[in-house]
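Participant: If you read the sequence shown in the working numbering, its first letter stands for residue 504, the second for the next number, and so on.
By construction, the Cβ of each residue, glycine as well, lies at the ideal position given by its N, Cα and C atoms.
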Amino acid sequence: MTEEIMRERERHARSIPTDEDFAKAHTAMDRRLRIFAEVRDSVFEMLPDAPLHELYLFGEPGEEVFARVFFETESDIQVCNKCGVSKHVHDAILKGFQKREDSLNTTLTTEYDSHENVQKKCNGDYFKYLK
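See below:
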């Protein structure tokens, strides 16, 4: 019985992250956030006249990324879909990733929403809205 307990403890000890594991995860998270910030900024620079309010990116650059684009108003969503601005936003996000060698193979799913909607539903609290 004692031998079984020791094997079980060893198995659990191997599954506990080490300080090195935490350091690697922290570095990876910093890299991901830096890439997302650069892509976000490039989209706003490429499309200064678009009624963009905010852009949030989730996922893993170089793999799958989900973009949540917030226009100013609900009517902006319809107008931007109709006149092609939404497509330009999607393409600008993709271009932002494709400029980076470490993110060339990023696949992108984009969803559009409005700041007006966040104001109505969550009093402007994006954290609460995106939960």
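Please state whether the Cβ-Cβ distance between Val588 and Ala553 is less than 7 Å.
Facilitator: yes
Participant: State the DSSP-derived secondary structure class of Thr530, mapped to helix, strand or coil.
Facilitator: helix
Participant: Among the residues of its own chain, which have a CB less than 7 Å from the CB of Lys634, if the five just before and after it don't count?
Facilitator: Excluding sequence neighbours, Lys634 sits near nothing in its chain.
Participant: Nearest-angstrom Cα distance between Asp628 and Val572?
Facilitator: 15 Å
Participant: So the candidates are His593, Leu550 and Tyr615; which of them puts its Cα closest to the Cα of Thr609?
Facilitator: Selected option, being the one with the closest Cα: His593.
Participant: Rounded to whole angstroms, what's the CA-CA distance from Leu555 to Phe574? Just pull it up for me.
Facilitator: In a straight line, the C-alpha of Leu555 is about 4 Å away from that of Phe574.
Participant: Leaving aside the five residues before and after Gln601 along the sequence, list all residues of the same chain whose C-beta is less than 7 Å from its C-beta, in chain order.
Facilitator: Leu607
Participant: Among Asp605, Arg510, Arg534 and Lys590, which residue has its Cα nearest to the Cα of Val546?
Facilitator: Lys590
Participant: Just the Cα atoms here: how many angstroms apart are Ile596 and Arg510?
Facilitator: 49 Å
Participant: Taking just the CA atoms, how far does Lys585 sit from Ser578?
Facilitator: 11 Å
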